[in-house]
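Enquirer:
In our numbering, the protein residues as written are 13 to 271.
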């Protein structure tokens with residue numbers, strides 16, 4: 013049975029017609045894979061599968077995802093972050109004796125969260141690998157949540173409570189696309205990017221409408237492996253509640269910058 017692969021025109025343009033045709037014919041593509049989006053198993057013999065090409069300055073890595081999670085696409089990744097993307101693709105945590113852990117990439121998902129009968133625009137931030145404290149070897153455990161708590165994020169025990177405002181931070185949206193999460197600069201300077209999209213991310217009209225109404229975005233953050241890339245907002249809510257119950261979720265409310 014031919015594999016049920018989707019190869020977008022952008023991916024085809026990057027890898028060439030010959031390689032794209034070989035993939036569609038069932039060559040060079042695994043039957044089973046770990047979805048690069050939700051990190052759960054997939055089977056390209058049994059379900060629609062997207063080819064996702066991560067491209068750095070000098071390196072490109074082909075990955076696979078459930079078509080229900082994300083469409084086939086090219087994702088631009090900084091070369092020094094590509095290994096973090098590789099870890100996200102494979103789900104592996106390679107360790108070389110004496111070597112420092114490789115740099116993680118922050119994954120950001122947008123969605124609407126219902127709290128006390130009102131819809132709130134939200135962003136969910138989850139790294140692709142454990143986060144080390146700056147200046148350390150990185151082998152002492154995941155410091156992502158402690159670092160955010162030090163920045164003013166609050167632990168979440170109940171997703172039905174609106175998080176407190178975090179002074180000096182904001183979410184930058186322009187022309188319906190998410191550009192960055194901004195934090196205060198050092199020494200009283202202007203804001204700097206805590207997270208910045210490689211390419212501005214499209215948000216839904218409902219998300220943008222809610223953000224323009226409340227002028228506030230709720231930013232949730234969880235360690236690697238806590239949330240995953242959920243295809244529906246109800247599943248995203250369930251994942252947030254599970255992370256909160258396990259003490260693996262922090263959040264803050266931030267003003268909307270832009271439209």
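All C-beta atoms, glycine included, are put in the ideal place defined by N, C-alpha and C. From a predicted model like this one, the values you see are computed outputs, not experimental measurements.
#1: Return the first residue and the last residue of the alpha helix (DSSP H) that residue 68 is part of.
#2: What's the C-alpha gap between residue 178 and residue 213?
#3: Quick one: Cα of residue 1 to Cα of residue 249, how far?
#4: Residue 185 by DSSP, collapsed to three states: which one?
#5: Would you report the Cα separation of residue 127 and residue 245, rounded to the nearest angstrom?
#6: What does the Cβ neighbour count give for residue 140, buried or exposed, with the cut at 16 atoms within 10 Å?
#7: Where does residue 218 sit, in a helix, a strand or coil, going by DSSP?
#8: With three or more beta-carbon pairs closer than 8 Å as the criterion, would you say the region 229 to 238 touches the region 253 to 267?
#9: Pull up the distance between the alpha-carbon of residue 162 and that of residue 117, whole angstroms please.
#10: Short of 6 Å in beta carbon distance, which residues of its chain neighbour residue 188, apart from the five on each side in sequence? Order them along the chain.
#11: Going by DSSP, what residues sit across from residue 138 in a beta bridge?
#12: For residue 126, does the three-state DSSP call read helix, strand or coil?
#13: Can you give, in chain order, each stretch of the alpha helix (DSSP H) that sits fully within the region 232 to 263 and has at least 4 residues?
Expert: Judging by the given coordinates:
#1: Counted as a single uninterrupted DSSP element, the stretch harbouring residue 68 is not any alpha helix (DSSP H), since DSSP gives it neither H nor E.
#2: Take the alpha-carbon of residue 178 and the one of residue 213: they are about 23 Å apart.
#3: Because the chain in this structure spans residues 13 to 271, residue 1 falls outside the shown range and cannot be described.
#4: Residue 185 sits in a strand when the DSSP states are folded into three classes.
#5: For residue 127 and residue 245, the distance between alpha carbons rounds to 13 Å.
#6: Buried.
#7: In the three-state reduction of the DSSP assignment, residue 218 falls in the helix class.
#8: Short answer: they touch.
#9: Roughly 20 Å separates the two Cα atoms.
#10: Here the set comprises 220.
#11: DSSP lists 119 as the bridge partner or partners of residue 138.
#12: The answer is strand: DSSP assigns residue 126 an E or B state.
#13: For the region 232 to 263, whole alpha helix (DSSP H) runs of length 4 or above, ordered along the chain, are 245 to 257.
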